[in-house]
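Data block below; observations after.
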Amino acid sequence: MTDLRPLVAITIAFLAIVVVVAGRRQPTVRDGTPVVASLLTVAVVASMLPDVLAGRTPTANLGTLVAGIDFSVQADPLGMLFALVVSCLWVVTSVYSIGYTRGHDLEHRTRYTAALCLSIGSGLGVAFASNLLVLVIFYELTTVGTYPLVAHKGTERARAVGYEYVAYVIGGGTLVVGGALIVYTLVGDVAFAPGGIAGLADAASASPGPATVAIVALLAGFAVKGAIMPLHAWLPRAMVAPTTVSGVLHAVVVVKSGVFGIARTVLEVFGPEATAGLGVATPLAVVAATTILLGSLLALRQDDLKRRLAYSTVAHLSYVVLGVALLVPAAVVGGLLHIAAHAVAKLALFFCVGALAIETDIKKISEMAGVGRRMPVTMGVFAVGACSLAGLPLFVGFASKWYLLLGGAAINPIVPAVLVVSGTLNVAYFWPIVSAAFFERSADADPKPLLEGPLGGSPGSEATSAGHRWERVSPNGREARPTLVVPLVVLALGVVALGIWPDSLVILELARAAAEASVGPLQTTGVTP
Amino acid sequence: MIDAIHAVPPAVSLWLGAAFALWGRRAGLVAGVAACGFATWWALTVPAGTGRSWTFLEFAILPVAVDPASRVTGLAFAAFGLVAVGYLAATGGDRRHLALALAYAGAAIWAVFAGDWLGLLIGWELMALASTLLVWLHGGDAVRVGFRYALVHAIGGGLLAAGLALHVVTQGFSPEVVHFGDGISSGLPALAVGLGVGINAAIIGVHVWLPDTYASPHVGVSVVLSAYTTKLAVYAAYRAFPEGNLTLAYVGGVMAVFGAGYALAQKDARRLLAYHIQAQVGYILAGIGVGSALGVAGAFAHLFNNVLFKGLLFMVAGLIILRAGTGKLDNSGRLGRETPLAAGAFVVAAASITAVPGTNGFVSKGMVLDAALEGGHTPLRWLLLLGAVGTIVSFCKFGYYASRRGDSRSLSDASPPQAATMAPVAIACLVIGLWYAPLFDLLPASDEWSTDPYSQRHLFEKVALFAVGATAFVLGHPLLERLDGGVDVDTVRDPLVFDGTRRLVDGVAAVFATVASTDRSVRRRLFAVLLDPVETIARVLPESTATRYRERSREVAGTIGIGPNRRYRYLAVVLCLAVALLVGVSGR
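Have a look at this one:
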């Protein structure tokens, strides 16, 4: 039974490209089309929610593409989760984009908007792909869409970074194609099936060599976009792109499609048993844990705001991979939930940084003292996003962290230990930003801990604590413009709402359904494998 | 069971109060007092039992669960919140201070009345967030202090969450597994939870945040902070180990001595009091650790009383700081006849903490000491007695400096609003000390234990302790004069963590940089092979051949050397045609 809605969801974005290019002379059409298109996409995606939650899978099959593999797109729980994240965040991004492009007086806006639509559309294609080949096609299309955005500024450096980015990602994509080819030769099918493609587990045990090569190739290929160490180096350098791009693509769509690919590979191509049987699960988990720790450590010494957020992204993406690699129901739920949790919070952080850059031209943490008094809403949203990433309860980050803790505790106590250390490191590199913005004055601000400052701060910044009357300076007004602030506030509200009511807002249900389909339910088999 | 109005967690009223406080200082004061008053009434009148359960992350959490332990703690929190909010407003706290203080107290009360670990964890982390902001509000030096505080509490909260996860896994998954039940499963879960709780309770090794933080912010904030975090930690310790845990008891005993000892070395009023918090928390942990009915009851009685007299002490210290501009005891002016209210409050509070008969501290400390005696834990009892002596010496010192030594100017007395917040607490300390039956009725398992605080043995013991303490002070006070703060764990911890992390991060970055540059040079060499094969080959040839090779490669074909001229070319064409003809003809 063909249900065209997944396909429609994808094509809306592609149609939007046409409209944007056609209407490039009218700013309203050019800037307003993504807003309309994103709202339509959310509507279509949301309309499939009841079906997906009831266990049906709307599928649109367009016939054979090549050698017995169909071009089909489907909405299953895992794909639905990712698609919901992408489409909802697209709405917020399209509004923010308007404010950002006008605030920065960005050039080549048509190219920018069209490339953004292409990237989002391809991201949705990755989400809804029902076999490895379609996923790879849309995966590479994402690269095509994001290259003009990374190299947007056109400067020598931007182009060099863009070239490097493409080199990394195309290399990854090639590995994925290679892996998919080997899978096809092993079982003759590359369509995703919850719990693994039928027959692949047997083929893997019969010929472990090719199967190991296939899974390593697939995982490594997806790991490039998923910024797993040591393949992560492109991400901090890609921060040269405009902030909207950095945010929506390099915190939401592009990197998430990488870890999404890893989730698909482990859960629905090879399946948990085959992955564990090939001995790939533990090394993957170890690499993910190392990335979490090292990414957070590297974030500590970055003065540039976007680079700090980039390293934080590297660390948090590996939360997803760690969850998936542990192959326990609770951990998988936590990892998949983190796709959504991290996306919303990180996007809010990147958008705050963008608003800051536009209104105050501040790009470094050492310049940030006192900015919270001028832009309290922006920095307030930053604080909310930071709390979520640190895993404080009543913010959405706690939900995913809790499930990861549960799953990790079932496997090995070292996993909760890694998560505790990572949570502390998150506090260590986010809290100084919040405290500098709200509670310091530029006159006596200090380089933050671990930046180029001595232990204990420099002498001039100390004030006697006893009896020190804190001068209250009234706000200077000039908060960021509405098109920037409203998306920020919406994201912050989303973070808090998902944190307080995770059970009733649909993301947790989707994550659980996806985990249950592949790894088994939480309750009956317990959290122990 | 619990009816409608009692089904709403009292924390909600405090959080609503916090929202109101954002309007302005007066609104905050009114809202705070109303909210805390409601919470106090609620704690007194709510029937024991549990309310409805809510689902959070698939676990059944109980926002309202009342038993004697939570009632006593909640009552202490709510009642003290009343005076703390008043003191904060009376000493210059603005609407942000009030809002955050109410949010903090609200989170504490949420955590106390939660009937399950997940609800407690939520309150725990929210408290850490609110208290960090409260410390930061002071600005200046307090920003770095608040950062260290936040880091320590992030570790504590993380360990608590990890321990909880380990406990859930050990017990097996079910929605009710997070309910308090019989405590935390032993082994790794108990260790993790114990450490996480212990960080908040300032057990030795991880206690430095206490003097560090409580001496830094606004004076009213110190009062607020002193009442909640550490007391919630010991409440959580009781929930984790309801049958007691001897290790915990001895940790508490050592804390009692350590805290009192370090307090002796302090010259700053708030740091001294912060170390005493640790000592008193040690008493409470000892009571919980002993695990007998008397021990637990004594611990909770001491918790209740501690909230009162510790808060009062911080209020007095706050007054001194506000009037004299500094908390340093040797130059902060005098409390004496000109300041009857402040001096009176100080005397009552000091008497309570040193457990002078007639005060509430005497009643509850006696219970804990008796529990140690009954359980046969003699070393523990000696540790606690030693701690008591140290407390006595320390407060002799405080009183001596505050009333005699130091600056000859005298301070002005407490203003009426400030006195209005301090007087009820002082009166309560005395009243509870003499009329302790209502408190005893509230304590856990009140039918399984009984004690007579004013028995001859207790009084005799107390006189002996005071004699020892007073003598020790008189003899030791020249030595105490020379001590200024002592050396605590943070002299090692801070440089270690700071430099260590910096070096670690630089090391990692250097490794990645090396890898990246190697990768780049490898790529460059690969591309060189593709883009300029001539140069690559020339590099491996011997020198003379290489030069000739390069020369040859630069030559354009056909411009030098031999090339056929036109005649030869025609000849070549003719030759080719002839050959082709021959081949074609002979191929037949």
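Each protein sequence line maps, in turn, to chains A and B.
If you're matching positions, the first sequence starts at 248 in my numbering and goes up one per residue.
If you're matching positions, the second sequence starts at 2 in my numbering and goes up one per residue.
Yeah, the Cβ is synthetic: ideal placement off N, Cα and C, and Gly gets one too.
Inset, instruction - Using the Cα positions of residue 358(A) and residue 598(A), report the straight-line distance between them to the nearest angstrom. - result: Residue 358(A) and residue 598(A): Cα-Cα distance of roughly 21 Å.
Legend entry - Rounded straight-line distance, which links the Cα of residue 132(B) to that of residue 344(A): As the crow flies, the alpha-carbon of residue 344(A) is around 37 Å from that of residue 132(B).
Legend entry - Alpha carbon of residue 292(A) to alpha carbon of residue 85(B), nearest angstrom: Each residue's alpha carbon lies about 52 Å from the other.
Inset, instruction - Along the alpha helix (DSSP H) that carries residue 344(A), what are the first and last residues, could you check? - result: Element bounds for residue 344(A): 324–351.
Inset, instruction - Return yes when the Cβ of residue 316(A) is within less than 9 Å of the Cβ of residue 378(A), no when it is not. - result: Contact: yes.
Inset, instruction - Output yes if chain A places a C-beta closer than 9 Å to the C-beta of residue 11(B); else output no. - result: Not closer than 9 Å to any Cβ of chain A, the Cβ of residue 11(B) fails to qualify, so no.
Inset, instruction - Check each residue of the segment 150–184 of chain B: if its Cβ is closer than 7 Å to any Cβ of chain A, include it; give the result in chain order. - result: Close to chain A, meaning a Cβ-Cβ distance shorter than 7 Å, are the following residues of the segment 150–184 of chain B: 151, 152, 155, 156, 159, 160, 162, 163, 166, 167, 169, 170, 173, 174.
Legend entry - C-beta neighbour in chain A for residue 240(B), strict 9 Å: Answer no: the Cβ-Cβ gap between residue 240(B) and chain A never drops below 9 Å.
Legend entry - 9 Å Cβ cut-off: residues of chain B touching residue 670(A): Within chain B, the residues whose beta carbon sits less than 9 Å from that of residue 670(A) are 155, 156, 158, 159, 162, listed in sequence order.
Legend entry - Residue range of the beta strand (DSSP E) that includes residue 316(A): Per DSSP, residue 316(A) is one residue of the beta strand (DSSP E) stretching across 316–321.
Legend entry - Three or more C-beta pairs below 8 Å linking the segment 384–394 of chain A and the segment 415–424 of chain A: Yes: at least three Cβ pairs fall under 8 Å.
Inset, instruction - Please report how far the alpha carbon of residue 417(B) lies from the alpha carbon of residue 314(B), in whole angstroms. - result: Straight-line spacing of the CA atoms in residue 417(B) and residue 314(B) works out to 18 Å.
Inset, instruction - Rounded to whole angstroms, what's the CA-CA distance from residue 151(B) to residue 130(B)? Just pull it up for me. - result: So the alpha carbons of these two residues sit roughly 8 Å apart.
Legend entry - Cutoff 9 Å: residue 767(A) Cβ touching any chain B Cβ: No, residue 767(A) lies away from the interface with chain B (no Cβ there is under 9 Å from its Cβ).
Inset, instruction - Just mark residue 687(A) as buried or exposed, buried being the case when its beta carbon has 16 or more other beta carbons within 10 Å. - result: Buried.
Inset, instruction - Give the straight-line distance between the Cα atoms of residue 625(A) and residue 613(A), rounded to the nearest whole angstrom. - result: C-alpha separation (whole angstroms): 18 Å.
Legend entry - Pick from 425(A), 497(A), 682(A), 679(A) that is closest to residue 465(A), judged by C-alpha positions: The residue with the shortest Cα to Cα distance from residue 465(A) is 425(A).
Legend entry - Close Cβ partners of residue 570(B) (< 7 Å) along its chain, the five nearest in sequence each way excluded: Closer than 7 Å at Cβ, skipping near neighbours: no residue.
Inset, instruction - Go ahead and pull the three-state DSSP assignment for residue 484(B). - result: Correct three-state label for residue 484(B): coil.
Legend entry - CB-CB length for residue 371(A) against residue 583(A), believed under 8 Å: Actually they do not touch by this definition, with Cβ atoms about 17 Å apart.
Legend entry - Neighbourhood of residue 304(A) by C-beta distance below 8 Å, restricted to the same chain and skipping five residues each side: Same-chain partners within the cutoff: 298, 321, 322, 323.
Legend entry - Distance, residue 107(B) Cα to residue 549(A) Cα: Roughly 36 Å separates the two Cα atoms.
Inset, instruction - Between the Cα of residue 602(A) and those of 623(A), 587(A), 467(A), spot the shortest distance and give me the residue it belongs to. - result: Comparing Cα positions, the closest option is 623(A).
Legend entry - Members of the segment 495–529 of chain B that neighbour chain A once the beta carbon cut-off is set at 8 Å: Correct list: 495, 496, 499, 500, 502, 503, 505, 506, 507, 509, 510, 513, 516, 517.
Inset, instruction - Taking residue 144(B) as the query, report the chain A residues whose CB atoms sit under 7 Å from its CB, ordered along the chain. - result: Within 7 Å of the CB of residue 144(B), the CB atoms of chain A belong to 682, 686, 687, in sequence order along the chain.
Legend entry - CB contact check: residue 667(A) to chain B, cutoff 9 Å: Contact with chain B is found for residue 667(A), since one of that chain's Cβ atoms lies less than 9 Å from the residue's Cβ.
Legend entry - Alpha-carbon to alpha-carbon, residue 419(B) and residue 321(B): Approximately 12 Å between the Cα atoms of the pair.
Inset, instruction - Count the other C-beta atoms from every protein chain shown that fall within 10 angstroms of the C-beta of residue 281(B), then say buried if there are 16 or more, exposed otherwise. - result: Result: buried.
Inset, instruction - Starting from residue 137(B), find everything on chain A with Cβ-Cβ shorter than 8 Å and list it in chain order. - result: What residue 137(B) touches in chain A: 682, 685, 686.
Inset, instruction - Please determine if the segment 37–55 of chain B and the segment 150–168 of chain B are in contact, where contact requires at least 3 C-beta pairs separated by less than 8 Å. - result: With a cut-off of 8 Å, the segment 150–168 of chain B and the segment 37–55 of chain B do not count as touching, because too few Cβ pairs lie within range.
Inset, instruction - Taking all protein chains shown into account, decide if residue 661(A) is buried (16 or more other Cβ within 10 angstroms of its Cβ) or exposed. - result: With fewer than 16 other beta carbons inside 10 angstroms of its own, residue 661(A) counts as exposed.
Legend entry - Cβ pair residue 227(B), residue 306(B) closer than 9 Å: No, the Cβ-Cβ distance between residue 227(B) and residue 306(B) is not below 9 Å.
Legend entry - Contact with chain A by residue 122(B), beta-carbon distance below 9 Å: By the rule that beta-carbons nearer than 9 Å mark a contact, residue 122(B) touches chain A.
Inset, instruction - Report buried or exposed for residue 577(B), applying the criterion of at least 16 other Cβ atoms within 10 angstroms of its Cβ. - result: Label assigned to residue 577(B): exposed.
Legend entry - Within chain C, partners of residue 482(B) - CB distance below 8 Å: Considering every chain present, this structure includes no chain C. Its protein chains are A and B.
Legend entry - Same chain, Cβ closer than 6 Å to residue 221(B), five either side skipped, listed in chain order: If we look at residue 221(B) and ignore the five residues flanking it on each side, its Cβ neighbours are 88, 89, 92, 94.
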